[in-house]
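Protein chains in written order, with our numbering: chain A, -4 to 244; chain B, 107 to 1057. For glycine and all other residues, C-beta sits at the position ideal for the given N, C-alpha and C.
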């Protein structure tokens, strides 16, 4: 069910916080620092524009606001008009609710379908759900320069992950990911995600431009642009309730 | 010609001609390497035909030509099969050539979740571990009517994987990728390859492979025949060289002009080698004879003056025949006609310049050939035609009449059999899909309108139901089904929602899915309804197509207005819709409702429009909602209060007023025990908002609960009225009927309206492969008639100008006309259809077959007296027969391949060339004797070898 994949848009923001420098080519340490830099916030609010491009099918643009606090997330669609007012509340991996304005009701949705594109975009829930890597992947350094390091992440034995292998290019100074390349178990390149235009509020940084290129569908790419970002602004708990997503206040 | 002959015998000129010819040919060969290949089989669709244009436009817009179907003959519920299916589906989806692969392994499913709401997962979430799990999975899968008949065969013994090609991917690459990946995992099971990418790839590769394999053999056969006939390696080599140079010039010109090479042009070498090499052979053969009695230069002059005009005429008639392709409405055929004509013309020029020049340069002398025995065999035939002119003439006329009789029975019919044989992979896939999935061919109905409008979606459903009731229709797919299924996840009922906002919201969740893109455009203004045909029999398909076209013009509401559902017109419309749905759902369960039964169902629906039902089941549902996880007010900690609220609200009946609802809630919530319970369940902070929140969320649930109860009562009543034993069909049918019969309470309905009164419109056009085949049949007929007339006209004009006599022109054309009648008569007799391939025949037969008569008539004109025929036969007979055998052998070899089109064209052309040769030696003597006498009397002196030198 596609609505389930809305969860991914929320988790995406969790990947965008940043931290301090890494100084050595110790792959596990670098990966740990990246995880730490991505999960440093208490709450966040984003306004995104999502643009999907697919050859022969034209462009589509979605606009969404995302509220995050600990595990809880609310995503609110503001465009296109057909989806405007749709809100999704995620309380945990197994508790998700969607409010559909045309139906004037909240539905609880449980799903295990995680590999499909989020509303036809190049991002899947799997792409967006991961917020930490060191607990799931072993790392080794492939390349290193003065400012960046390229790590190869290989799934730890027994860990259920969407991609058995990932290449990450990260900025060493702030331990921020710049590019992820996802591979299947045969080593075929499936997707490439870039993150750029980082902006920081104290030690927390987020990319203002992200782009996912789907190599399994040549020419298919989705960009996600941050229009507004607030961090640690003491979001109220009432936002993360079924009542809020139904009433919008 | 005399001037040319005198020029060519000069050694420096001959050298210059040889050098220039070789340079031009070499340049052509170099340029030919720049020729691009155009593999697009869609280019063969005729231009200007409305049916064909519509088919192409619809399939390009909806991607219908980009879907490959892989049939797997295996138990879909077997653990090993499912494991392999999961792996191959993932591998296909990970491939850049495949945009989406859809199979039982990755199709979504949703069911009510235990804690309320819905649970979505893959239909096959885990592999069955034992027999019990396998049986449970089978039961679950076979209960999903959108999966059965699409992804799993109704008999549970076959699977289909749908593969959607990546945008712009080469069908051959796509097909090879799919085939490779599927065979790697499922190669142990019988596999079937269907759908447009596999079919087009099959046609292209078999034709290309056949031509690649058979062309060298065809050329070898031509070379051998030339050698056997003339026993002259040099002559054979020279004739073939000049033909090869002609091909080089033609291909070089294509490279120069940027014209792409297409699959029909692949047959150009066979045509040029078998037809074009005759020109050089005629020149050489005559030279060898004359060189015995004359000095080389004189013999060469005599040769060119004697056979030059004849060879030129024969070549030009062939060029004329090929140029008649230019009136065809298929671009690659026009390209083929034009550049094969260029090749023939270049070969002709080389035969009349390069070949004589080589003779001069190399100092070739007389050689003996083995042509006597052929002449000896032909002379009695010609003498018989002359001496028994009346008898032979009548015989030929009767033969022609018989041919004409059967030719009238030639059926212009384009279907799959025109392109592949019954044992070919696409034909096997067709049979598999027909046997296991009810059908393999589709009629597509293109509709234009507002497909966000629920009234339009309901009309689409109603129309589809009408079509589904046809006994030869195996199923109908349309976007309203997908909308209804998605609505089930949101609203709990699999039906088209009543509200356009809901439809639009559902579309946003469906965006980007290739399977949905096949049903509706992204702006939702065009849709395609796919009607699966339960037959592959061409006659049944034609009848069904006609029925569907009638239904499209008769049953679909094109102009409409929307009226309230409780008006008489609206009510009638909603009831008609409901009856159509009941009928369609029962058909799916093997029950066909006759007219009286439908009337009974309608009466039952009318009687149960607002049934009197107890409120307690509704209250149960509301209580479950209030204590579940979807209510804005969580009363799970106060079940007694939840029951009181549910009872109070359910007791209001369906569609209570806002005031009544507020009153019932206030009365319930203001009670002290209710306040206390609320406070305990929600906490002090949220109690204040509880009333407002309940007023916000309860009406929708109340409405849904009542509608469901009422619709359930209607479903039972409809089944009773229909006389259907519900027990046998199970609760699944009742549930589906309940879903659909909720629509009887829709607030609005569409009714037909005329002219300016209409506020909504639907445009419809029937398309699909059967319609495409009809358009291609029309094109084949058109191409056949126009190209035949043009070819015949050009040939008669060329001959009449050459002989300066229309009568002689007609005489020379007569064997070809007889040949056409016999070949087309043979086609009618044998049941060979006129199609895109066989429509090429007439032009080729006219262009190449008339050459024989040209040579015989020209030779005949050179002589006088009673021996004129014998002399003419001795001079031309061997060359004519050799050429006829060469062409026949070349084309016959094409029948040994797999490509059905090449088999038909090759076999019939081979037969036509032999027939044309025989007809020449019978028809020309019958007609020529009288004409020749008249001509001699008119011109005073016969044409002879002696006066040729003087002329």
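Asked: Amino acids of chain B, ordered along the chain, whose beta-carbon sits closer than 7 Å to that of residue 45/A; Found: Chain B residues near residue 45/A: none, gap ~12 Å exceeds 7 Å.
Asked: The stretch 876 to 889 of chain B / the stretch 699 to 714 of chain B touching (three or more Cβ pairs under 8 Å); Found: no
Asked: Residue 275/B burial status per 10 Å Cβ neighbour count (16 or more: buried); Found: buried
Asked: Residues within the stretch 589 to 612 of chain B neighbouring chain C, beta-carbon criterion of under 7 Å; Found: Here chain C cannot be found, since the structure's protein chains are A and B.
Asked: Contacts of residue 183/A in chain B (Cβ-Cβ under 8 Å); Found: 200
Asked: Integer Cβ distance of residue 160/B from residue 552/B, believed to fall under 8 Å; Found: 7 Å
Asked: Cβ neighbour criterion (16 or more within 10 Å) applied to residue 445/B; Found: buried
Asked: Cβ pair residue 930/B, residue 513/B closer than 8 Å; Found: yes
Asked: Contacts of residue 738/B in chain A (Cβ-Cβ under 8 Å); Found: 101, 237, 238, 241, 242
Asked: Which of helix, strand or coil DSSP assigns to residue 435/B; Found: coil
Asked: Expected contact under 8 Å - CB spacing of residue 735/B and residue 223/B to nearest Å; Found: 6 Å
Asked: Proximal chain A residues relative to residue 205/B, where beta-carbon distance stays under 7 Å; Found: 212
Asked: Same chain, Cβ closer than 7 Å to residue 234/A, five either side skipped, listed in chain order; Found: 62, 69
Asked: Stretch-stretch touch, CB-based, cutoff 8 Å, three pairs: the stretch 913 to 932 of chain B with the stretch 993 to 1013 of chain B; Found: no
Asked: Residue nearest to residue 976/B in terms of C-alpha spacing, selected from 1008/B, 1027/B, 939/B; Found: 1027/B
Asked: Chain A within 8 Å of residue 569/B, Cβ atoms only; Found: no
Asked: Buried versus exposed, by CB contacts within 10 Å (16 or more), residue 195/A; Found: exposed
Asked: Residue 643/B burial status per 10 Å Cβ neighbour count (16 or more: buried); Found: exposed
Asked: Rounded straight-line distance, which links the Cα of residue 126/B to that of residue 371/B; Found: 26 Å
Asked: Closer than 8 Å at the beta carbon, the chain B residues around residue 106/A; Found: 225, 226, 227
Asked: Buried or exposed by the 16-neighbour rule on C-beta atoms within 10 Å, applied to residue 565/B; Found: buried
Asked: Contact set for residue 908/B: own chain, Cβ-Cβ below 6 Å, skip 5 residues either direction; Found: 419
Asked: Own chain, CB closer than 6 Å to residue 491/B, minus 5 neighbours either side, in chain order; Found: 498, 1028, 1031, 1032
Asked: Status (buried if at least 16 other CB within 10 Å, exposed otherwise) for residue 244/A; Found: exposed
Asked: Test item: CB-CB of residue 421/B and residue 451/B under 8 Å; Found: yes
Asked: Residue 456/B, buried or exposed, once every other Cβ within 10 Å from all chains shown has been counted against 16; Found: buried
Asked: Residue from 768/B, 911/B, 700/B whose Cα sits closest to the Cα of residue 804/B; Found: 768/B
Asked: contact_flag[the stretch 452 to 471 of chain B, the stretch 165 to 173 of chain B] where n(CB pairs < 8 Å) is 3 or more; Found: no
Asked: Any 3 or more C-beta pairs closer than 8 Å across the stretch 292 to 302 of chain B and the stretch 226 to 239 of chain B; Found: no
Asked: For residue 299/B: DSSP bridge partner residues; Found: 176/B
Asked: Per DSSP, cross-strand counterpart(s) of residue 176/A; Found: 162/A, 187/A
Asked: Distance between residue 870/B and residue 653/B (C-alpha atoms, nearest Å); Found: 15 Å
Asked: Nearest-angstrom Cα separation, counted from residue 86/A out to residue 237/A; Found: 10 Å
Asked: Among 207/B, 894/B, 352/B, 316/B, the one whose alpha carbon lies nearest that of residue 135/B; Found: 352/B
Asked: Residue 230/A vs residue 94/A beta-carbon contact at 8 Å; Found: no
Asked: Rounded C-alpha distance that separates residue 843/B from residue 849/B; Found: 10 Å
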